[in-house]
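Take a look at the structure set out below.
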Amino acid sequence: EITFENLKSFKMSGSLVEGSATGQQQLHFILPKFPFSWLRRARLYLHLDKVLSPIHIAIIANDIIVFEKIAEVEGDGLNLDLSEESIVSTGQGEHCYTIQVTVDVSQLQNVWALIERSS
Numbered sequence: 002e003i004t005f006e007n008l009k010s011f012k013m014s015g016s017l018v019e020g021s022a023t024g025q026q027q028l029h030f031i032l033p034k035f036p037f038s039w040l041r042r043a044r045l046y047l048h049l050d051k052v053l054s055p056i057h058i059a060i061i062a063n064d065i066i067v068f069e070k071i072a073e074v075e076g077d078g079l080n081l082d083l084s085e086e087s088i089v090s091t092g093q094g095e096h097c098y099t100i101q102v103t104v105d106v107s108q109l110q111n112v113w114a115l116i117e118r119s120s
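Residues 2 to 120, numbered by my numbering, are exactly what the sequence shown covers, in order.
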């Protein structure tokens, strides 16, 4: 049985949001329901080919932004240690999270996210 207590990492693809501003694309990565404590100890890696810096990242839980940052892309991605970031606590229990990424693109391709639990 796989639970979030023993899950080490998972990779996900994003979905493009319709109606984004010209020259910008908004991607959503929908995470499964899991406890805030798991997110708090996670590392997020975004693989973004052909994306211009900076990018805007938001993590949303139950329609509330719990984390927001403008960050520089290095090479083809971005690596964030969420344990070092300021994230608003969602309290007890499990929550559904969405990672929203807004990027300026020349040609968006090969986009994915990996979230893994830090030791």
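Ideal Cβ placement from N, Cα and C applies to all residues, glycine included. In this text, all values refer to a predicted model and were calculated from it rather than measured experimentally.
Rounded to the nearest angstrom, what separates residue 2 and residue 55 at their Cα positions? In the sequence shown, counting from the first residue as 1, residue 2 sits at position 1. In the sequence shown, counting from the first residue as 1, residue 55 sits at position 54. Note on residue 2: pLDDT 48, under 50, position unreliable in the model; the coordinate value appears next. Rounded to the nearest angstrom, the two C-alpha atoms are 40 Å apart.
From which residue to which residue does the alpha helix (DSSP H) around residue 38 run? Taking the sequence shown and counting its residues from 1, the one referred to as residue 38 is at position 37. Segment 37–41, the alpha helix (DSSP H) holding residue 38.
Residue 104, buried or exposed, once every other Cβ within 10 Å from all chains shown has been counted against 16: Walking along the sequence shown from the start, residue 104 turns up at place 103. Buried, by the Cβ-count rule.
Can you look up residue 2 in the DSSP assignment and give me helix, strand or coil? Taking the sequence shown and counting its residues from 1, the one referred to as residue 2 is at position 1. Residue confidence for residue 2 is low, a pLDDT of 48 falling below 50, so the modelled location carries little weight and cannot support an answer.
With DSSP collapsed to three states, give me the class of residue 85. Taking the sequence shown and counting its residues from 1, one reaches residue 85 at position 84. Look at residue 85 here: in three-state DSSP terms it is helix.
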